[in-house]
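Inspection log for the structure reproduced underneath, given as structure tokens.
Protein chains in written order, with the numbering used here: chain G, 887 to 1198; chain F, 5 to 285.
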């Protein structure tokens, strides 16, 4: 049985009935998700709900254990490649290279041997990189090593690495970000939020953004998804069979101003998400999930379509 | 009420701070004591027996050293000190270089490729548990007493632990960093050449620095048992004549060589291009 419609054509991501776990522990239990290209998808959920796992599955860093369909950009998910960019919270930069060399890496990886040994190509590539460093306001730090940078600067370099390949090669088409701003102070964080929105608008890429900050998700996303293990009303908590998407809503695109965070509407959306996804006491049956986004669909397991008595 | 003492002691207590001057003085004390003790007893022994060989005086040692360093050998016509040093350093250098290349290549392959890890892990673990000095006998029987067996002993003794250390260090490189390179379009060779190899280079230098002590042990051991040249051979030869006047200077010479090679490798690690490297992680 299926609620909603699976429409794989032209979707950036298309996942149908995905299961994944570690040892005996099921992390994802029947996750259904399709994302159209150009979406800014924010993924929130309580700790341990598997949002990072889902992201690693999408980048190809981990292999999905069981799924009816797990397609990224119209192909089976496969191993990590240049069609999917990633930005992690840590470990994004190569420690033995300067900022300039780090951003240059993407060009070098994709260059032919003839280009690599040509001094002309090298100086042009360097010039290009300096242009991008200018864009992320890091030209002063070009010759510094990652361990000499602050957290915000490191994230900007990490984004610049991907940005330059998007601009020159049109790849990656999907940018996966795993709590990229988790370690930043509020001011830098806000600056980086605006920065990523600008990039997203300019290049029309699909962004999958994992965060544990609901406000951040509501501010950035055009669509917010809650992945939560707190959903079965008919089973005790310890017998939960993995996380599911329990909430899936479209969001209006705000103007690029952080002032929107102060409005009542914004606060209400945040409160609603906190209530539905993060509370262990409020649990519902699969039929009562709020899956309002036009792309959202849901496959049900045997017996789940039956009426189940609600716990008050 | 107990009075609070604000003075920071120079020597006693966990908060003592000797400072630069006193720190140096403290460091010299044991060495001075050792020398004073030696020459005191050496002097005593020479009072009773002017030809004492066990604790030679400076002049005895000087005489032997000049003989060893400048006078050509009657049979070969060559200065023995130069020949011995050349022989030992060649063995050490060749053995250590081969071990370094071996450990670098195999360590990176095993650390990065699960296939290579399963292929070599058992044999490397087994070999690393064999005592290299016991292995010396087998190597001598199997490969003869030529240069090959001595170099092989060094590679066996330090190349294998080196491989394991490099492998562990490669495995510690965060998976995220490798995935990030793949998403930037890196091929497997690109990852090895641009990410892994440069990151492992200073670690390799550091590991070589730490294995030099062991390498010297194997050189001296091999020379002691089966050789006709080398500093180790010379020391063990002099032992038959109880000729401490030459043994002690040679030991001091080897110590100085070890000291300086350690210092040189440390200096290499301080170069600007290795500024990012910290041995801890």
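For every residue, glycine included, the Cβ atom is placed at its ideal position computed from N, Cα and C.
Only a predicted model underlies this, so the values are computations on that prediction, with no experimental measurement involved.
Within the 8 Å Cβ cut-off, does residue 1058 of chain G reach chain F?
With 8 Å as the cut-off, residue 1058 of chain G counts as an interface residue toward chain F.
Which runs of the alpha helix (DSSP H) spanning at least 4 residues fall entirely within the segment 991–1023 of chain G, listed in chain order?
As far as the segment 991–1023 of chain G is concerned, its whole alpha helix (DSSP H) runs of at least 4 residues are 999–1003, 1005–1021.
Starting from residue 187 of chain F, find everything on chain G with Cβ-Cβ shorter than 8 Å and list it in chain order.
The contacting residues are 945, 966, 967, 968, 970, 971, 972, 1048, 1058.
Please classify residue 266 of chain F: does DSSP put it in a helix, a strand, or coil?
Helix.
Residue-chain proximity (residue 960 of chain G, chain F), Cβ-Cβ < 8 Å
With its beta carbon at least 8 Å from every one in chain F, residue 960 of chain G lies outside the interface.
Interfacial residues, the segment 108–136 of chain F to chain G, with Cβ spacing under 9 Å:
Of all residues in the segment 108–136 of chain F, none has a Cβ within less than 9 Å of some Cβ in chain G.
Chain F contacts made by the segment 986–1015 of chain G, where a contact means CB separation under 8 Å:
Cβ contacts with chain F come from 991, 992, 994, 995, 996.
Are the CB atoms of residue 1046 of chain G and residue 1019 of chain G nearer to each other than 8 Å?
The Cβ atoms of residue 1046 of chain G and residue 1019 of chain G sit closer than 8 Å to each other.
Under the three-state reduction of DSSP, which class applies to residue 1133 of chain G: helix, strand or coil?
For residue 1133 of chain G, the secondary structure class from DSSP, reduced to helix, strand or coil, is strand.
Which bits of chain F does residue 903 of chain G rub up against, with CB to CB less than 9 Å?
Around residue 903 of chain G, no beta-carbon contact reaches into chain F at under 9 Å, the shortest distance being about 25 Å.
At what residues does the beta strand (DSSP E) containing residue 1064 of chain G begin and finish?
Membership of residue 1064 of chain G in the beta strand (DSSP E) is indicated by the continuous run 1060–1064.
Under 8 Å, do residue 168 of chain F and residue 122 of chain F count as touching if we go by C-beta distance?
Here residue 168 of chain F is not near residue 122 of chain F, since their CB atoms are 8 Å or more apart.
Could you tell me which of F:19, F:15, F:35, F:36 sits nearest to residue 26 of chain F, measuring between CA atoms?
Nearest C-alpha to residue 26 of chain F: F:15.
So which residues of chain G does residue 199 of chain F contact, with C-beta pairs closer than 8 Å?
Near residue 199 of chain F (Cβ distances below 8 Å), the residues of chain G are 980.
Spatial neighbours of residue 222 of chain F in its chain, beta-carbon cut-off 6 Å, leaving aside the 5 residues before and after
Here the set comprises 157, 158, 161.
Taking 8 Å as the cut-off, does the segment 171–187 of chain F touch the segment 196–204 of chain F (at least 3 CB pairs, one atom from each stretch)?
By the criterion of at least three beta-carbon pairs nearer than 8 Å, the segment 196–204 of chain F is in contact with the segment 171–187 of chain F.
Leaving aside the five residues before and after residue 1193 of chain G along the sequence, list all residues of the same chain whose C-beta is less than 6 Å from its C-beta, in chain order.
At residue 1193 of chain G the pLDDT is 46, less than 50, meaning the model places this residue with poor confidence; the figure from the coordinates comes in the next sentence. Here the set comprises nothing.
Min CB distance residue 279 of chain F to chain G below 8 Å:
By this cut-off, residue 279 of chain F is an interface position.
CB contact below 8 Å: residue 184 of chain F versus chain G
It does: the Cβ of residue 184 of chain F has a partner Cβ on chain G nearer than 8 Å.
For a minimum of 4 consecutive residues, which ranges assigned as the alpha helix (DSSP H) are wholly contained in the segment 22–85 of chain F?
Taking 4 residues as the shortest admissible run, the segment 22–85 of chain F contains the following complete alpha helix (DSSP H) segments, listed from N- to C-terminal end: 23–52, 62–74.
Sort out for me which residues DSSP pairs residue 1176 of chain G with in a bridge.
G:1133, per the DSSP bridge assignment.
Chain-ordered neighbours of residue 1018 of chain G on chain F, where CB pairs are closer than 9 Å
Ordered by position in chain F, no residue passes the 9 Å Cβ test against residue 1018 of chain G, which lies about 14 Å from the chain.
Could you check what DSSP says for residue 1127 of chain G in three-state terms: helix, strand or coil?
DSSP places residue 1127 of chain G in coil when its eight states are reduced to three.
Assuming residue 20 of chain F is part of the alpha helix (DSSP H), what are its boundary residues?
Residue 20 of chain F -> no alpha helix (DSSP H), and no H or E assigned at all.
Evaluate contact between the segment 1052–1068 of chain G and the segment 1087–1102 of chain G, counting only Cβ atoms and requiring at least three cross-stretch pairs below 8 Å.
Under the three-pair Cβ rule at 8 Å, the segment 1052–1068 of chain G counts as touching the segment 1087–1102 of chain G.
Any beta carbon of chain F sitting closer than 8 Å to that of residue 1051 of chain G?
Chain F contact via Cβ: present.
Evaluate contact between the segment 247–260 of chain F and the segment 994–1009 of chain G, counting only Cβ atoms and requiring at least three cross-stretch pairs below 8 Å.
With a cut-off of 8 Å, the segment 994–1009 of chain G and the segment 247–260 of chain F do not count as touching, because too few Cβ pairs lie within range.
So, is residue 44 of chain F buried or exposed, given that buried needs 16 or more other C-beta atoms within 10 angstroms?
Exposed, by the Cβ-count rule.
Whole runs of the alpha helix (DSSP H) within the segment 1048–1096 of chain G, excluding any shorter than 4 residues
The segment 1048–1096 of chain G contains these whole alpha helix (DSSP H) runs: 1072–1089.
When DSSP labels each residue in this structure, what does residue 913 of chain G get in the three-state scheme?
Residue 913 of chain G: strand per DSSP, three-state reduction.
Does residue 202 of chain F get closer than 8 Å to chain G when you measure Cβ to Cβ?
Yes - at least one Cβ of chain G is within 8 Å of the one on residue 202 of chain F.
Quick one: is residue 1067 of chain G near chain F, going by C-beta distance under 8 Å?
By this cut-off, residue 1067 of chain G is not an interface position.
For residue 908 of chain G, which residues in chain F fall below 7 Å Cβ to Cβ?
Residues of chain F with a Cβ closer than 7 Å to the Cβ of residue 908 of chain G do not exist, since the nearest Cβ in that chain sits about 15 Å away.
Could you tell me whether any Cβ in chain F is nearer than 8 Å to the Cβ of residue 1031 of chain G?
At a cut-off of 8 Å, the C-beta of residue 1031 of chain G has a neighbouring C-beta in chain F.
Cβ-Cβ distance between residue 920 of chain G and residue 948 of chain G below 8 Å
With a cutoff of 8 Å on beta-carbon distance, residue 920 of chain G and residue 948 of chain G are scored as not near each other.
Going by C-alpha distance, which of F:175, F:256, F:189, F:178 is nearest residue 1058 of chain G?
Comparing Cα-Cα distances from residue 1058 of chain G to each of F:175, F:256, F:189, F:178, the minimum goes to F:189.
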